[in-house]
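Engineer: Be aware that the sequence shown starts at 1, since it is given in UniProt numbering, and climbs by one per residue.
Every residue gets a Cβ at the ideal spot worked out from N, C-alpha and C, and that includes glycine.
Before we start, here is the structure in question, set down as structure tokens.
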Amino acid sequence: MSNAIRFLETLGQNPTLAALPANEIEALMATMALADDQRRALLAADAGALNQALNGRQLMMAIQHGGNEEDENAPMESPVRQDDDEEE
């Protein structure tokens, strides 16, 4: 895992770190040995630049399949049952 991702993970695990002033954030970054382009992208909150610095994907797409048209949450119909005492 890259140091930039570790840095973001650290911020995510401790919300008080995310509220630190910029100079303290930079000091925290210095302890994580970030590459200059990664550090600049993180300081600028530039996701595109960080993605490029990490050689990330240029495009990611999520596709959802709607499934069948029946409502999955609708109650199921109970089967039709013939009474045992019905005349034949």
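So, with DSSP's three-state summary, where would you put Leu-28?
Structural biologist: As a first step, residue 28 is located in the sequence shown; it is residue number 28 there, counting from the start. Leu-28: helix per DSSP, three-state reduction.
Engineer: Starting from Asp-37, follow the alpha helix (DSSP H) in both directions and report where the run begins and ends.
Structural biologist: The count along the sequence shown starts at 1 and reaches residue 37 at position 37. Segment 36–43, the alpha helix (DSSP H) holding Asp-37.
Engineer: Can you say whether Gln-64 is buried or exposed, counting buried as having 16 or more other CB atoms within 10 angstroms of its CB?
Structural biologist: Within the sequence shown, numbered from 1, the residue matching residue 64 stands at position 64. The residue is exposed, with fewer than 16 neighbouring Cβ atoms inside 10 Å.
Engineer: Which word fits residue 91, buried or exposed, when buried means at least 16 other C-beta atoms lie within 10 angstroms of its C-beta?
Structural biologist: Residue coverage of the chain in this structure runs from 1 to 88, which leaves residue 91 outside it and unanswerable.
Engineer: Report the option in Asn-55, Gly-48, Leu-43, Leu-50 whose CA atom is closest to the CA atom of Ala-22.
Structural biologist: Along the sequence shown, one-based indexing puts residue 22 at 22. Nearest option by C-alpha distance: Leu-43.
Engineer: Please check the pair Ser-2 and Leu-59, which I expect to be a contact at CB under 8 angstroms, by giving their CB distance rounded to whole angstroms.
Structural biologist: Translated into the one-based positions of the sequence shown, residue 2 becomes position 2. Translated into the one-based positions of the sequence shown, residue 59 becomes position 59. So it is not a contact: roughly 20 angstroms between Cβ atoms.
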